[in-house]
Amino acid sequence: MDKTLNGKTVVLSGAVNGIGYEIVGNFLLKGAKLVIILDINEDKGFMVEKSLNDKHGDSIEDFIKCDVVSDLESVAQKSSTNLTKLKLRMS
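Take the sequence shown: its position 34, counting from 1, is numbered 549 in the working numbering, and each next residue is one higher.
What follows is the structure in structure tokens.
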């Protein structure tokens, strides 16, 4: 069983600060190809996206404003093209 995240797609909600932010950084260090960050805080979300893109230039981080309670269908539609190889989704 492959225990790395090399080339995998990860979706993580609540990742603009604290433990979630650290987890995103760890996923990128473990080789995740695409990390989609979901959070309700749009300003901080785009700041985190830029910060992570600057730090991990060869990876792709994408922020989607989302209230996970009511916006999951919208998230699926917005990111469906990127989720074909989704390996992990965390909240």
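Heads up, the beta-carbon is just placed ideally off N, CA and C, and yes, glycines get one too.
Which residues DSSP lists as bridging residue i, in chain order
{"i": "Ile552", "result": "Leu527, Phe578"}
Which of helix, strand or coil DSSP assigns to residue i
{"i": "Asn568", "result": "helix"}
{"i": "Val583", "result": "coil"}
Residue nearest to residue i in terms of C-alpha spacing, selected from the options
{"i": "Leu567", "options": "Ser528, Lys580, Ile551, Thr519", "result": "Ile551"}
{"i": "His571", "options": "Gly535, Tyr536, Ser528, Gly540", "result": "Gly540"}
Close Cβ partners of residue i (< 7 Å) along its chain, the five nearest in sequence each way excluded
{"i": "Gly560", "result": "Val531, Ile552, Asp554, Phe578, Lys580"}
{"i": "Asp582", "result": "Ile555"}
{"i": "Phe542", "result": "Leu520, Val525, Val550"}
Cβ neighbours of residue i in the same chain (closer than 8 Å, five flanking residues each side left out)
{"i": "Gly546", "result": "Thr519, Leu520, Asn521, Gly522, Lys523"}
{"i": "Met516", "result": "In this predicted model, Met516 has a pLDDT of only 46, less than 50, meaning its place in the structure is not dependable; the value taken from the coordinates is given anyway. There are no such residues."}
Own chain, CB closer than 6 Å to residue i, minus 5 neighbours either side, in chain order
{"i": "Ile538", "result": "none"}
Presumed contact (8 Å Cβ cut-off) between residue i and residue j, rounded CB distance
{"i": "Glu576", "j": "Glu557", "result": "At roughly 15 Å, the Cβ-Cβ gap does not stay under 8 Å, so Glu576 and Glu557 are not in contact."}
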